[in-house]
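Residue numbers (the working numbering), protein chains in the order written: chain E, 2 to 134; chain C, 1166 to 1334.
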């Protein structure tokens, strides 16, 4: 799976996700990536999210939308919302993670499994690329 | 104005310990290029939507990642691709699922969002829609790489062996 979230200079955010799904999948199985609210979400009032991981868990927990809901209804900042939802995912037995950005350009990239490829860049020149264990 | 962009290249693909230095460098180079593409779009006043589509199109064309070219194979030995996009300003969204012949699924998802009344199209219908919008269509073989075919064949071999061991009568 690959994904991208962005904030532009007009203050608008967007999220996108693309995937080949699970190796050896059968029966036309679809994961969370194309499901709005599960693998992808964006709302200028809260955040833009792109997920990656074991899709069935992300669908059941509506992970992408849940992060935004934590911000919308609990007034949490992006980092707290992301941590809360990752904890829910972990407790449910789901593996994976997500990237998210808010309207102020704050970025989070939490995960609970190995082999995560991540990167970000900001208008002030701050940039990071990492492969996490 | 202020802008920012983040990308991911999947989860649990391969842990760092199992990757050679050369392989790590290849991944980092591709991620770096993807960031530079997105940065360039946003720096020149492009929208977040344009940045997301440009970056994901690049990653889909890169065979290292499980999306577009280089995606994993289904049990039947073909690739089936999914993609989605959502715009935070309008909360409009587009998605496609289970397609086998659209070169860049993220561009099809964008077309669904921008040029249809729907949110998600799947299978043959999604392909027909993409074709009607002038998107590049390819044979399924375009997506298959040597590495993915080898992984698939090894998996099938293991499955066959397991089935033989599990045969208790």
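Don't be surprised by glycine CBs; every beta carbon is placed ideally from N, CA and C.
Please read these numbers as outputs of a predicted model, since none were measured by experiment.
Q) Cβ-heavy atom distance between residue 35(E) and the ligand COA below 7 Å? A) Among the components modelled here there is no ligand, and therefore nothing to report on the ligand COA.
Q: Report yes if the CB atom of residue 65(E) is closer than 8 Å to the CB atom of residue 38(E), and no otherwise.
A: Yes, the pair counts as a contact, with Cβ atoms nearer than the cut-off.
**Q.** Nearest residue (CA-CA) to residue 1226(C), options 1264(C), 1190(C), 1251(C) and 1268(C)
**A.** Comparing C-alpha distances from residue 1226(C) to each of 1264(C), 1190(C), 1251(C) and 1268(C) shows the shortest one belongs to 1268(C).
(Q) Let me make sure I understand the geometry here. Which of 1176(C), 1231(C) and 1279(C) has the alpha-carbon closest to that of residue 1120(C)? (A) Given that chain C is displayed from residue 1166 to residue 1334, the structure contains no residue 1120(C) and the question cannot be resolved.
Q: Spell out the partners DSSP gives residue 1206(C) in its beta bridges.
A: Answer by DSSP bridge pairing: none, since residue 1206(C) is not bridged.
Q | C-alpha gap between residue 1182(C) and residue 1283(C), whole angstroms | A | When rounded, the distance between both Cα atoms is 43 Å.
Q: Would you tell me roughly how many angstroms separate the C-alpha atoms of residue 8(E) and residue 1167(C), rounded to the nearest one?
A: Approximately 8 Å, taken between the alpha carbons.
Q.
Quick check: residue 97(E) and residue 133(E), are their CB atoms within less than 8 Å of each other?
A. Going by C-beta atoms, residue 97(E) is not nearer than 8 Å to residue 133(E).
Q) Using 8 Å as the Cβ pair cut-off and three pairs as the minimum, do the stretch 1205 to 1224 of chain C and the stretch 1280 to 1295 of chain C touch? A) When Cβ pairs closer than 8 Å are counted between the two stretches, the stretch 1205 to 1224 of chain C is seen not to touch the stretch 1280 to 1295 of chain C, the count staying below three.
Q.
Is there a C-beta anywhere in chain C that falls below 8 Å from the one on residue 68(E)?
A. No, residue 68(E) lies away from the interface with chain C (no Cβ there is under 8 Å from its Cβ).
(Q) Closer than 8 Å is the cut-off here; do at least three beta carbon pairs connect the stretch 69 to 76 of chain E with the stretch 9 to 22 of chain E? (A) These segments do not touch.
**Q.** Under the three-state DSSP convention, the category residue 68(E) falls into
**A.** It is helical.
Q.
Taking beta-carbon pairs under 7 Å, can you tell me which members of the stretch 1214 to 1235 of chain C lie near chain E?
A. For the stretch 1214 to 1235 of chain C, which is checked against every Cβ of chain E, the residues closer than 7 Å are 1214, 1216, 1217, 1218, 1220, 1221, 1224, 1225, 1230, 1231, 1232 and 1233.
Q | residue 1288(C): first and last residue of the uninterrupted alpha helix (DSSP H) it sits in | A | The continuous alpha helix (DSSP H) containing residue 1288(C) extends over residues 1288 to 1297.
Q | Boundaries (first-last residue) of the alpha helix (DSSP H) holding residue 1219(C) | A | Residue 1219(C) -> alpha helix (DSSP H) spans 1213 to 1226.
Q. Looking at residue 87(E) and residue 107(E), is the spacing between their C-beta atoms short of 8 Å?
A. Not closer than 8 Å, so no.
Q | Sequence-distant residues of its chain with Cβ nearer than 6 Å to residue 119(E) (five each side left out) | A | Beyond the five residues adjoining it in sequence on each side, residue 119(E) comes within less than 6 Å, by CB distance, of 110 and 131 in the same chain, given in chain order.
Q. Using a C-beta to C-beta distance shorter than 9 Å, which residues of chain E count as neighbours of residue 1174(C)?
A. Those within 9 Å of residue 1174(C) in chain E are 2, 3, 4, 53, 117, 118, 119, 120 and 132.
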